[in-house]
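A short write-up of the structure that comes next.
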Amino acid sequence: KKNSLEQYINELNEAQKAPVLHKEGPLMVIAGAGSGKTRVLTYRIAYLMSLGVDSFNILSLTFTNKAAREMKHRIAQIVGASEAKNLWMGTFHSVFAKLLRFESDKLGYPSNFTIYDTQDSQRLIASIIKEMGLDKDVYKYKQVQNRISSYKNNLITVKAYYNNPELVEADAMAKRPRIGEIYEKYVDRCFKAGAMDFDDLLLRTNELLNRFPEVLAKYQDRFRYILVDEYQDTNHSQYLIVKALADRFQNICVVGDDAQSIYSFRGANISNILNFQKDYKGAAMYRLEQNYRSTRNIVEAANSVIANNKNQLEKNVWTQNDPGGAIKIHRSITDAEEGRFVASTIFEEQMQHQLMNRDFAVLYRTNSQSRAIEDALRKRDIPYFIYGGLSFYQRKEIKDVLGYLRLILNPKDEEALKRVINYPARGIGNTTVDKLVVAANHYGRSIFEVMENIARIDLKINSGTRRKLEDFVTMIKSFQIMNEEMDAFALAEHVTKKTGLLLEFKKDGTPEGITRMQNIEELLNGIQDFVEGQKEVADSRGSLDEFMEDVALLTDQDNATGDEDRVALMTIHLAKGLEFPHVFIVGMEEDLFPSAMSMNTRSELEEERRLFYVALTRAEKQAYLTYTVSRYRWGKLVDAEPSRFLEEIDDKYIENLTPAANYKFKPLLSGDIFGEVDKSRLRQQKPTNTTPPSHKRPNEGTMRKLRKLKPALGTPIGNKAAPDPNLAVGAQVEHGRFGKGEVLKIEGVGNDKKAEIKFQNGQVKKLLLRFAKLEVL
Ligand code: ATP
Ligand code: MG
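According to full-length UniProt numbering, the sequence shown is numbered sequentially starting from 12.
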């Protein structure tokens with residue numbers, strides 16, 4: 012094993028070895044994108060274990076659960092799978108949810124507390140606003156939820172809120188003086204429902220560690236080595252947890268890049284990095300400067316962009332990689348055309364270089380931009396996956412099933428109960444539910460407890476409805492009894508039948524109903540898979556609580572099914588830490604990127620620029636930046652101007668795919684953009700009719716230029732000799748990259764002639780014969 016460790020250590024450069032081999036005490040690695048920070052963290056864990064540090068004593072915090080899985084996998088390769096299993100590794104939320112399950116009784120929570128997702132929180136806040144009779148246009152539930160969330164992440168409890176005149180006044184000034192009351196009610200209702208929202212997972216952990224010194228001591232002793240990736244994006248609440256846990260042994264290792272701090276809008280605090288050496292006396296500082304991910308062009312272009320930020324730590328990122336191709340900039344007339352450019356470029360590149368779909372990613376600033384890209388990819392039959400789209404677990408029918416499952420584990424769960432009490436319809440109307448809510452608030456109990464005692468409380472509910480309520484309680488209790496014995500799959504299957512959910516969708520018969528039924532089946536398949544996996548682990552029977560824990564903490568990035576071969580579509584925020592050979596960054600336009608909402612202060616603009624830096628540094632081999640001169644936004648076609656970020660890239664790294672067009676950002680403003688600037692111009696939108704005005708319609712000249720562009724992309728590298736005449740359906744062929752296979756179908760003529768081939772590895776591919784280097788066997 013020792014040999015193999017040495018071998019792994021040799022996969023590091025000298026600068027990387029230093030932090031990996033650092034023995035005791037605090038250390039921080041500050042380094043640019045792609046310089047191996049995550050690799051250092053991973054190898055350091057393996058190294059510590061090789062020194063004899065018990066894997067149970069290591070805690071490692073990552074930005075996504077996917078990253079944690081990958082790290083664990085790598086560590087398992089070095090130190091062996093059985094040891095790697097014991098590591099506590101995951102996102103802040105998943106790790107501390109797990110910890111809270113052990114300790115929640117101290118805070119007055121059941122160990123099977125429910126985790127409310129953002130949607131649950133918003134629904135609860137909306138209903139509180141309604142119950143209080145407030146104007147929902149003044150008290151917008153999403154905004155209110157946002158505020159409460161930011162209080163929590165700054166450890167401002169309800170009491171602290173009221174004790175802080177500045178906050179109270181700010182809300183009053185914003186004409187929302189009753190936010191404090193909503194906050195108080197919300198906290199109270201969550202508590203009574205036995206539920207924690209995402210922010211509570213951090214807030215309550217802080218509370219636990221502050222109020223119970225013996226608990227703190229226990230976990231300080233347990234987590235003797237703490238490692239944090241993407242430290243630049245930790246918020247105050249996360250920072251305090253880490254600080255408390257690391258306080259005794261000070262074996263804390265954080266890695267990050269101030270230039271990639273992109274979550275300040277959610278409370279991430281860059282000063283956590285800047286203050287590290289003050290917080291941890293004698294902390295060692297390491298820098299990594301060699302980028303291994305990207306071509307030299309990409310690395311240097313990204314440097315030239317980030318140099319425009321005033322606020323940053325000095326860094327010099329360089330690479331020994333090949334210069335690679337220039338960054339390609341493409342201008343189009345509409346967003347639909349932009350989509351077509353992306354799809355056709357992917358298609359051409361795949362054909363010419365035999366690339367997989369997963370070699371490509373399309374990144375955008377806002378979720379809504381994905382639609383035009385999706386349309387174009389679908390037209391070309393290019394499979395794609397949207398990260399962070401409406402995740403499977405957020406679909407209505409899935410949430411309905413999960414609602415029942417949540418109630419089984421925690422009948423106090425108010426949001427789950429309200430969701431399913433009358434779904435499928437069983438004659439328990441809104442009026443009845445409202446009465447139950449009032450009674451629950453009055454007695455300080457959960458709705459379910461009120462229902463259990465319905466016979467003894469006079470709620471003016473008629474006896475028919477009362478019986479229905481009692482039947483519901485009995486049904487849930489019968490599920491609870493089954494849960495003691497059954498695994499999650501058997502139970503969930505029973506629940507979907509017994510509650511009438513499946514029947515509901517079967518009856519429906521519409522295509523939507525059928526899709527919903529299939530989704531439920533898919534959910535059951537997923538549970539089955541999970542149960543089988545769990546049963547391989549000792550002392551687990553794959554019970555419902557294990558499954559639900561897994562589901563509640565899926566992050567946006569995690570809903571990818573893994574190694575399917577698809578083009579990845581996602582917002583730049585979600586792309587942090589990832590890498591792809593070919594990256595498109597679309598919508599490079601003023602008001603979109605940088606976003607119109609983030610141009611009011613220098614610090615907002617600098618965060619947008621860091622976001623662009625993150626986007627550009629995801630690319631390994633080739634980056635494309637695209638923009639259009641008009642785009643549908645809010646249902647209207649509006650003029651768009653090229654993003655100032657395009658201008659900021661040094662010309663020598665750029666190839667303009669639209670040479671005739673002048674993409675250059677014409678500064679609206681001279682001097683410091685935040686000087687005497689008419690800011691309204693920055694946000695200027697010129698809505699026009701749905702048909703572009705004549706001067707915006709591509710004129711003949713433009714069309715000619717566009718047409719000229721096409722060959723540049725479409726010209727085959729070699730209009731190769733006619734394909735082998737023996738290439739026919741049924742022929743056995745061999746391909747340089749995909750291996751051996753059999754021809755299933757041949758279609759098209761001339762340059763468009765394609766063969767559909769089933770390869771021995773199971774993949775079926777359509778290859779354009781003029782590019783595919785196929786050998787007939
Ligand atoms: P980011 O800032 O985007 O999170 P990072 O600093 O965490 O990037 P890694 O993801 O760890 O960088 O590394 C970037 C890529 O370079 C990875 O593919 C990694 O495997 C590779 N890499 C890192 N160090 C080396 C090395 N010494 N030799 C070869 N490849 C390396
Ligand atoms: Mg990383």
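Each residue gets a CB set at the ideal place from its N, CA and C atoms; glycine is no exception.
Give me the Cα-Cα distance between residue i and residue j, rounded to the nearest whole angstrom.
i: Asn280; j: Ser614; result: 13 Å
i: Val649; j: Glu35; result: 58 Å
i: Lys719; j: Val754; result: Interpretation of Lys719 is limited by its pLDDT of 37, a score under 50 that renders its predicted location unreliable; no figure is taken from the coordinates.
i: Ser641; j: Leu219; result: 53 Å
i: Asp411; j: Phe541; result: 20 Å
i: Glu557; j: Leu413; result: 13 Å
i: Asn314; j: Val328; result: 7 Å
i: Lys151; j: Thr129; result: 15 Å
i: Arg694; j: Gly43; result: Confidence is the limiting factor: at Arg694 the pLDDT is only 36, short of 50, which leaves the residue's position unreliable, though a coordinate-based value still follows. Going by the C-alpha atoms only, they are around 32 Å apart.
i: Pro522; j: Ala436; result: 21 Å
i: Ser691; j: Met608; result: Confidence in Ser691 is poor, its pLDDT being 39 and thus under 50, which makes the residue's placement unreliable; the coordinate value appears in the next sentence. Rounded to the nearest angstrom, the two C-alpha atoms are 12 Å apart.
i: residue 791; j: Ala29; result: Given a span of 12 to 788 for the chain in the structure shown, any question on residue 791 remains unanswerable.
i: Asp232; j: Ala257; result: 9 Å
i: Val106; j: Gly91; result: 22 Å
i: Asp662; j: Ser71; result: 41 Å
i: Lys756; j: Phe770; result: 13 Å
i: Ser15; j: Ile89; result: 7 Å
i: Tyr398; j: Leu585; result: 8 Å
i: Tyr58; j: Thr377; result: 40 Å
i: residue 841; j: Ile357; result: A question about residue 841 goes unanswered here, because the residues of the chain that appear run from 12 up to 788.
i: Asn710; j: Thr669; result: Residue placement at Asn710 is poorly supported in this model, since its pLDDT is 43, which falls under 50; the coordinates still yield a value, given next. Their backbone Cα atoms lie some 15 Å apart in a straight line.
i: Tyr200; j: Asp208; result: Correcting the residue identity first, residue 200 is Arg in this sequence and not Tyr. Taking the straight line joining both Cα atoms gives about 11 Å.
i: Gln365; j: Ser275; result: 40 Å
Classify residue i as helix, strand or coil using the three-state DSSP reduction.
i: Ala92; result: helix
i: Pro30; result: helix
i: Ser132; result: helix
i: Lys677; result: Any reading at Lys677 must be qualified, since the residue scores a pLDDT of 41, below 50, and its modelled position is unreliable; the value itself is stated next. Of the three classes helix, strand and coil, the one that applies to Lys677 here is coil, per DSSP.
i: Met493; result: helix
i: Asp650; result: strand
i: Asn24; result: coil
i: Phe749; result: coil
i: Thr306; result: coil
i: Gln323; result: coil
i: Leu778; result: strand
i: Leu251; result: helix
i: Asp561; result: helix
i: Val484; result: helix
i: Ile419; result: helix
i: Ala185; result: coil
With C-beta atoms as the reference, is residue i less than 9 Å away from residue j?
i: Val506; j: Leu416; result: yes
i: Ile273; j: Leu622; result: yes
i: Gln301; j: Gly47; result: yes
i: residue 797; j: Ala204; result: The chain is shown only over 12 to 788; residue 797 falls outside these bounds and no answer can be derived.
i: Arg304; j: Thr582; result: no
i: Glu745; j: Glu758; result: no
i: Ser554; j: Ala499; result: yes
i: Ala95; j: Lys83; result: yes
i: Val578; j: Leu780; result: no
i: Ala206; j: Asn421; result: yes
i: Leu135; j: Glu460; result: no
From which residue to which residue does the alpha helix (DSSP H) around residue i run?
i: Val448; result: 441-454
i: Leu285; result: 282-285
i: Leu502; result: 499-509
i: Leu62; result: Run containing Leu62: none; DSSP gives neither H nor E here.
i: Thr526; result: 522-547
What span of residues does the beta strand (DSSP E) with residue i cover, start to end?
i: Tyr638; result: 630-639
i: Gln771; result: Where Gln771 is concerned, there is no enclosing beta strand (DSSP E), given that its DSSP letter is neither H nor E.
i: Arg298; result: 295-299
i: Asp208; result: 206-208
i: Val594; result: 591-596
i: Leu72; result: 69-73
i: Ser343; result: 338-343
i: Asn667; result: 665-667
i: Ile126; result: 125-127
(request) Measuring from each Cβ to the nearest heavy atom of ligand 2, keep the ones under 7 Å and list them in chain order. (result) Lys48, Thr49, Asp240, Glu241, Gly588
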